[in-house]
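According to my numbering, the residues represented by the sequence shown are 1251 to 1507, in order. All C-beta atoms, glycine included, are put in the ideal place defined by N, C-alpha and C.
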Amino acid sequence: MIRKLCGVVAVTFALAISVISAPAQMQEIKEKPRMYSYVAFWTIPRAQWAEEAKQNASEEKMMEKALAGGSIVGYGSDQNLIHQPDGATHDTWFSSMSMAGLLNQLDQFYKTGMTTTAVDLSATKHWDGMYVSRYYNWHAGSWKDVYSHVSIYQLKADAPNDAVDTLSKSLFVPVMEKMLADGTIHEYEIDTEAVHTQTPGAIWVSYIAANAEGLDKVGAAVRDAQKASPLGGPAFQSMADFAQHRDYLSRTNATYK
């Protein structure tokens, strides 16, 4: 997803801000209605990974019902490919056009007992996040064993109040929309926390690649943007603390309505 978190492919958007000063393009891209995402992160012992996959499959049945009913617009699960000593190994997530949609779905999980299964109780660590996006798009459909990449940036304390809007309209969305149009990716979103459990000012730039080659294509698109305007990077660097930058790369199963 929130998927939705350190990556073999480091998509360095800082070097791709070739259109940061293009007012005409900024006017063409408008923020969308708020989309909320709930992500549950788990650190699961390796011996339990097969059981985690089975549980995700059983949860999909409930998700499909919610998707058909319109309470959520997408759902999925991720298996982290770049493991860290204290990081998550898996996550599950779902998205809705309202916070109520997320909470109602979460309530269903609690009522069915899916939050207290043996595999969940085996987790050595667990935490949740709730995020909100105003810049996103996707192809409708379902995909198995594709790849998700998330880049996390921390804005500096003196970054302008509209930094997320400026970066989204001038940089992130133009690149991602191009990749979405040619089928390189299936979905993208630019998230901030809806419920703050971390230091405010973080941005999550996420996309689901159609295949492993899609990761390379996104990287190439970034490099092409860099060549078009090699002086663009400093504008982003002035807004973000790149010492805090992290990536997350995972295998993903996802469905969007």
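query: Thinking just about the alpha-carbon of each residue, which of Glu1281, Arg1284, Phe1359, Tyr1288 is nearest to the one in Thr1447?
result: The sequence position of residue 1447 within the sequence shown is 197, counting from 1. The residue with the shortest Cα to Cα distance from Thr1447 is Tyr1288.
query: Three-state secondary structure (DSSP) at Asp1370?
result: The sequence position of residue 1370 within the sequence shown is 120, counting from 1. Residue state, collapsed to three classes: helix.
- prompt: Is it buried or exposed for His1389, if we count other Cβ within 10 angstroms and need 16 for buried?
  reply: Position 139 of the sequence shown, counting from 1, holds the residue named residue 1389. With fewer than 16 Cβ atoms within 10 Å of its Cβ, His1389 is classed as exposed.
query: Considering only residues of the same chain and omitting the five flanking positions on each side of Lys1507, which have a CB-CB separation below 7 angstroms?
result: Walking along the sequence shown from the start, residue 1507 turns up at place 257. Only Leu1317, Val1323, Gly1324, Ala1390 meet the Cβ criterion.
message: Am I right that Gln1298 and Ser1372 are in contact with their C-beta atoms under 8 angstroms? What's the rounded C-beta distance?
response: Numbered from 1 along the sequence shown, position 48 holds the residue referred to as residue 1298. Numbered from 1 along the sequence shown, position 122 holds the residue referred to as residue 1372. Contact holds; Cβ gap of about 5 angstroms.
message: Quick check on Gly1257: buried or exposed, where buried means 16 or more other Cβ atoms within 10 Å of its Cβ?
response: Counted from its first residue, the sequence shown places residue 1257 at position 7. Any answer about Gly1257 is weak, because its pLDDT of 38 lies below 50 and its placement is not dependable; what the coordinates show is given next. Answer is buried; the Cβ neighbour count reaches 16.
message: By alpha-carbon positions, which one of Thr1434, Gly1451, Glu1437, Ser1420 ends up nearest to Leu1411?
response: As a position in the sequence shown, residue 1411 is number 161, starting the count at 1. According to the sequence as given, residue 1411 is Asn; it is not Leu. Per the Cα distances, Gly1451.
- request: With hydrogens ignored, establish whether the beta-carbon of Ser1327 is closer than 7 angstroms to any heavy atom of the ligand PLP.
  value: You won't find the ligand PLP in this model; it holds no ligand whatsoever.
query: Within this structure, are the beta carbons of Trp1292 and His1340 separated by less than 8 angstroms?
result: Within the sequence shown, the letter at position 42 stands for residue 1292. Within the sequence shown, the letter at position 90 stands for residue 1340. Yes, Cβ-Cβ distance for Trp1292 and His1340 is below 8 angstroms.
task: Give every residue of the same chain whose Cβ lies closer than 8 angstroms to the Cβ of Thr1449, excluding the five residues on either side of it in the sequence, and list them in chain order.
output: On the sequence shown, residue 1449 is found 199 positions in, with the first residue counted as 1. Result list for Thr1449: Gln1404, in chain order.
query: By Cβ distance below 8 angstroms, which residues in the same chain neighbour Asn1354 in space, the five residues on each side in sequence not counted?
result: Here residue 1354 refers to the residue found at position 104 when the sequence shown is read from its first residue. Cβ neighbours of Asn1354 beyond the five flanking positions: Ser1321.
In DSSP terms, what Val1445 is bridged to: Taking the sequence shown and counting its residues from 1, one reaches residue 1445 at position 195. Val1445 pairs with Met1380.
Boundaries of the beta strand (DSSP E) in which Asn1503 is found, first to last residue: Along the sequence shown, one-based indexing puts residue 1503 at 253. 1490-1506 is the extent of the beta strand (DSSP E) around Asn1503.
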